[in-house]
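Quick note on UniProt numbering: the sequence shown kicks off at 5 and runs consecutively.
Idealized CB from N, CA, C, for every residue including glycine.
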Amino acid sequence: RGPLVIAVDGPSGSGKSSTSRAVAQRLGLRYLDTGAMYRAVTWWMLEAGVDVHDADAVAARCAEPELVSGTDPGAPTIHVDGHDVGAAIRTGAVTGAVSPVSTVPAVRARLLDLQRAEIAAASAAGGIVVEGRDIGSVVAPDADLKVYLTADAGARAVRRAAEEGGAGEEAVAAVRASLLARDEIDSGRATAPLTMPDGAVHLDTTPYTLEEVVDRLVALVGR
Ligand code: C5P
C-alpha cells in the first residue's frame, strides 16, 4: 500500500471541488485544487496589468508570482507572494480571465512542476486527491484512481449560482453562459485540453447528492 493518488477531472461546476475535498477527508489524504493555482496566476496578471489575452506577455511574466498551495482538505489555502488570495481568486474578473491564461503553455509548464512537487510531498502523508482539467491525462497519468465527473449544464449552473449567493433565474442564466464559455476554451485548447483521461471512471453526478458521489468514489478506491 504505497501513497494513494486520486485524479479528479471534469468541466466547471461538475462538483469536483466539494467531492475531492470530502474524499480526501474521508481517506485522510492531502488535497490540491489546481484550478485555484490557475486562478492565482490569473489574479496576479490582472494585478500586474498584464493583458491576459496577450499570450506572449503572459508567458513572459508567468514565473514571477510565488505560489504556495496549502493542501489540508479541511481548509485549503492559496497564497501569492505571501498574500492569502483565497477570496480574491473567486471574483468574476478572475473567472472571466482564467481560461485564456490557462491556454498559455509556459503557464501550464510552470504549474505542472509545482503540482508534481505537491504530489511527491504528499506521499509522506499517505497520498493526495488532485482536481483539475488535465490531472489524469497529464499531471498524474499513473494515478491509482482517475475520475471524470460531469453534470448537466443546467444542474451545474444552479449549484454554482447558489454557491455565489444568487438563485434567481437571471443569475443562473449568467452562470450557465460563463461555465459553457470556459468549457469551450478549456476543451478546445492545444495544450492539455479538458478531456476524459484513459482509464478514468466517468460519473455523471446530476442525479446524485454529494454524499452519494463521495461514497461511490471511496468504494472505488477500495482501501
Ligand atoms: O476548477 P476551476 O473552475 O477553479 O478552474 C478554473 C480554470 O482553470 C478552468 O476553467 C481552466 O481554464 C483552468 N484549469 C486548467 N487546468 C487545470 C485546472 C484548471 O486549465 N488542471
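Hey, could you find the ends of the beta strand (DSSP E) residue i is sitting in?
i           : result
residue 179 : Where residue 179 is concerned, there is no enclosing beta strand (DSSP E), although the alpha helix (DSSP H) it sits in stretches over 173-192.
Leaving out five residues before and five after residue i in sequence, what residues of the same chain have Cβ atoms less than 6 Å from its Cβ?
i           : result
residue 109 : 195
residue 1   : Residue coverage of the chain in this structure runs from 5 to 227, which leaves residue 1 outside it and unanswerable.
residue 59  : 108
residue 104 : 56, 57
Hey, residue i and residue j are a contact pair by Cβ (cut 8 Å); roughly how many whole angstroms apart?
i           : j           : result
residue 55  : residue 61  : 6 Å
residue 36  : residue 122 : 5 Å
residue 30  : residue 126 : Going by Cβ atoms, the distance from residue 30 to residue 126 rounds to 16 Å, so no, they are not a contact pair.
residue 158 : residue 180 : 7 Å
residue 119 : residue 143 : 5 Å
residue 176 : residue 161 : 5 Å
residue 10  : residue 149 : 5 Å
Note the first and the last residue of the continuous alpha helix (DSSP H) segment covering residue i.
i           : result
residue 219 : 214-225
residue 167 : 157-167
residue 208 : Not the alpha helix (DSSP H): residue 208 falls in the beta strand (DSSP E), residues 205-208.
residue 12  : From DSSP, residue 12 is part of no alpha helix (DSSP H) but of the beta strand (DSSP E) over 8-13.
residue 142 : Looking at the DSSP string, residue 142 is not in any alpha helix (DSSP H), and its letter there is neither H nor E.
Within a Cβ cutoff of 8 Å, which residues of the same chain sit near residue i, ignoring the five residues on either side of it in sequence?
i           : result
residue 141 : 13, 196, 199, 201, 202
residue 69  : 44, 45, 48, 84, 85
CB-CB under 7 Å to residue i, same chain, minus the five flanking residues each way: which ones, in chain order?
i           : result
residue 101 : 46, 50, 56
residue 81  : 74, 88, 90
Within 10 Å of its beta-carbon, does residue i have 16 or more other beta-carbons around it, so buried, or fewer, so exposed?
i           : result
residue 136 : buried
residue 131 : buried
residue 77  : buried
residue 27  : buried
residue 15  : buried
residue 117 : exposed
residue 227 : exposed
>> Which complete beta strand (DSSP E) runs does the segment 70-139 hold, if anything under 3 residues is left out?
In response: 71-74, 81-84, 131-136
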